[in-house]
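Beneath this line is the structure, given in structure tokens, with notes to follow.
In this note's numbering, the protein residues as written are 34 to 322.
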């Protein structure tokens, strides 16, 4: 454990084949770098690092959206994307795995603040396994007497050389909801996604791999997932970037979000005593030639 930005506690994990930083605030992975490669995650230079109850969300890395995604329709005053990314999590075990990987476990339990917003008993656990890959598992256990419904996302920001030159494959045949067009449902585009303007899309019923191809840096970033039926793709582009106080005006050029999620019609019902586990695996591959 060490002190990171804002004097917040973070784990600095050194595995045989990669390094990572994980803040207890929000159980937030802010850095992942396979050995000998560029960093994989984007972190804004203007990000807030403010703890408390609640604190402020860290801009970049892998924020955890839970127990809702976006605005809370039933409680408009509630924080966007839920409270998990705003609170301090408890650090559990940090384990050296056979083969050289390192796994860290963090926990979040209900308290007076969360019960004002989500009147249910739960145990949330994030497992972060660091090596040549980054493996993330968000497990939510219902410890109450009645079922509850959650939305969730591993809101991963990826570092790219130039957002205008990357493409995202794997979603060519999927319809999507376009949040820049009032949530209108759009038909499949039949081609990899490219960024030419603000992009904010939810692809429901998508369970397969998505891949960011970055020709400038000569790499592909693969996002594989399990127990996830939604994929979210986001880049704020020029105007929205300028409107965000914790995001640099030109930083939209250096990031692309491809998020592992269950949102909207893909929301999850967790039975009393049940557990739902969302998984994402992030792998980097060099482009040949």
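Cβ coordinates follow ideal geometry from the N, Cα and C atoms, glycine included.
* Can you give, in chain order, each stretch of the alpha helix (DSSP H) that sits fully within the stretch 258 to 293 and has at least 4 residues? -> 270 to 276
* Who pairs with residue 226 in a beta bridge, going by DSSP? -> 201
* **Inter-residue CB distance, residue 199 and residue 154 (contact presumed, cutoff 8 angstroms)** => At roughly 42 angstroms, the Cβ-Cβ gap does not stay under 8 angstroms, so residue 199 and residue 154 are not in contact.
* Among 85, 195, 53, which residue has its Cα nearest to the Cα of residue 146? -> 85
* Jot down the residue ranges of each uninterrupted beta strand (DSSP E) in the stretch 89 to 131, minimum 3 residues, whole runs only, in chain order. => 123 to 129
* Is the distance from the Cβ of residue 244 to the Cβ of residue 294 below 7 angstroms? -> Not in contact: residue 244 and residue 294 (Cβ atoms no closer than 7 angstroms).
* **Assigned secondary structure, residue 176 (DSSP; H/G/I helix, E/B strand, else coil)** => coil
* Only counting runs of 3 or more residues, tell me where the beta strand (DSSP E) segments fall wholly within the stretch 34 to 99, in order along the chain. => 42 to 47, 51 to 56, 61 to 67
* Take the Cβ of residue 310 as the centre, count every other Cβ of all protein chains shown within 10 Å, and call the residue buried at 16 or more, exposed below. => exposed
* **Between the CA atoms of residue 181 and residue 125 - distance to the nearest angstrom** => Residue 125 and residue 181: Cα-Cα distance of roughly 25 angstroms.
* Roughly how many whole angstroms lie between the Cα atoms of residue 306 and residue 54? -> Going by the C-alpha atoms only, they are around 32 angstroms apart.
* Have a look at residue 300 and residue 108 and give me their C-alpha separation to the nearest angstrom. => 17 angstroms
* If we ignore side chains and look at the alpha-carbon of each, how far apart do residue 236 and residue 151 end up? -> 26 angstroms
* What did DSSP end up calling residue 150 once you bin it into helix, strand or coil? -> helix
* Near residue 249, what residues of its chain come up, given a Cβ to Cβ distance below 7 angstroms and the 5 sequence neighbours on each side ignored? -> 194, 195, 198
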